[in-house]
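Trainee:
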Amino acid sequence: MILGSSILKYLDLKRIDKSFSTSIRTISGARIKDMINYVERFHPSSIPQNIVYLIGSNNSSTNMNIDRCSEEYRDLVRLTNLKFPSAIVHFIELLPRGKQTENDNIKRLNQRLRQVCENLKCCFVKSNYVFQNDEGTIDNSLYQGDGTHLNCSKGTAKLASLLKDVLSLHVTSGRPLSVLSSHPYPMNNPTPARTHVRQPRWSPIHNINLPKPPSSNLFQLPPFPFYPPPTCMPSQLPPPHNWYHTYKRNST
């Protein structure tokens, strides 16, 4: 389950989970306190295994109270653990914005969010590198004209790819990469590439347990693939059967 503000509004669920077992809940203009109120009233039909939050960008105004935001993050984590004790809680790092003043507050808020995740054993997932260019500045080609919301052509695809990697680490292995670690992903590359091991279509011939060949007092068939020994004469063969015809014809 993925919860957040309107930054998630135009996400294509098929890019994240083709089985449609993941749901996305968005609250336009939501702040951290709004998400707390939503989770208090939220009663899903099934218990989610993973809960991913992307919330807090709307708190990054000029009059932001950083201490209050930290306390609200802690309240959100405690409430989530109380309602869904078996779920793994993730927090996506707040995405950068076009306005420099808001970006400075977002950086401060991300630092506090990271500390909360460390203290309360949540997964903090780095995301800024996805939405920056090679110079380390915001990639405007991923955003709409307001510099806040992602565009539908490239921006939401980047976010969907990040969320897919976060969830697939738990879906494919059946357990989190590191539940107790607040930083299960490396700082420079937070979502390692998934590896797929191709299994052989057929087992190697030496691993096949073949039945023992028939035996008689006069002649012992050689092992698979039944190459006749040099001293084997046709007169020594047992009575012919259908599967001996080619063997006998080649021997004569």
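Residue numbers (full-length UniProt numbering): 1 to 252.
Ideal Cβ placement from N, Cα and C applies to all residues, glycine included.
It should be emphasised that the depicted structure is a prediction, and the values quoted were computed from it without experimental measurement.
Using the Cα positions of residue 152 and residue 74, report the straight-line distance between them to the nearest angstrom.
Mentor: Each residue's alpha carbon lies about 32 Å from the other.
Trainee: Using CA atoms only, rank isn't needed, just tell me which of 123, 95, 102, 122 is closest to residue 150.
Mentor: Nearest of 123, 95, 102, 122 to residue 150, Cα basis: 95.
Trainee: Alpha carbons only, please: which of 158, 156, 56, 21 is nearest the one belonging to residue 114?
Mentor: That would be 56, whose Cα lies nearest to the Cα of residue 114.
Trainee: Look at the alpha carbon of residue 97 and the alpha carbon of residue 19, and state the distance between them as a whole number of angstroms.
Mentor: Straight-line Cα distance between these residues: approximately 32 Å.
Trainee: Under 8 Å by Cβ, that's how I've got residue 106 and residue 60 pegged, so tell me the actual separation to the nearest angstrom.
Mentor: Contact holds; Cβ gap of about 5 Å.
Trainee: What residue range does the alpha helix (DSSP H) around residue 69 cover?
Mentor: Note, residue 69: alpha helix (DSSP H), 66-83.
Trainee: Throw me the rounded Cβ distance for the residue 87 and residue 51 pair, which I believe falls under 8 Å.
Mentor: Confirmed, about 5 Å.
Trainee: Give the DSSP-derived three-state secondary structure of residue 156 in the structure shown.
Mentor: If DSSP states are grouped into helix, strand and coil, residue 156 belongs with the helices.
Trainee: When you compare each of 124, 167, 5, 84 to residue 42 by their alpha carbons, which one comes out closest?
Mentor: Comparing Cα-Cα distances from residue 42 to each of 124, 167, 5, 84, the minimum goes to 84.
Trainee: When burial is assigned at 16 or more other CB atoms within 10 Å of the CB, is residue 22 buried or exposed?
Mentor: Buried: at least 16 other Cβ atoms inside 10 Å.
Trainee: Which of the three DSSP states, helix, strand or coil, is assigned to residue 123?
Mentor: It is a strand residue.
Trainee: Output the boundary residues of the alpha helix (DSSP H) element that contains residue 41.
Mentor: Run containing residue 41: 32-41, per the alpha helix (DSSP H) assignment.
Trainee: Pick from 53, 154, 128: whose alpha carbon is nearest that of residue 76?
Mentor: The residue with the shortest Cα to Cα distance from residue 76 is 53.
Trainee: How about residue 30: is its Cβ closer than 7 Å to a heavy atom in the ligand FAD?
Mentor: Ligands in the displayed structure: none, and consequently the ligand FAD is not present.
Trainee: Let's see if you can read the secondary structure: which residues bound the beta strand (DSSP E) around residue 50?
Mentor: Per DSSP, residue 50 belongs to the beta strand (DSSP E) from 50-54.
Trainee: Could you compute how far the alpha carbon of residue 10 sits from the alpha carbon of residue 145?
Mentor: Computed Cα separation, rounded: 15 Å.
Trainee: Less than 8 Å between the C-beta atoms of residue 40 and residue 79, yes or no?
Mentor: The answer is yes: Cβ separation under 8 Å.
Trainee: Going by DSSP, what residues sit across from residue 162 in a beta bridge?
Mentor: In DSSP, residue 162 forms no bridge with anything.
Trainee: Would you tell me roughly how many angstroms separate the C-alpha atoms of residue 102 and residue 58, rounded to the nearest one?
Mentor: Cα to Cα, residue 102 sits roughly 9 Å from residue 58.
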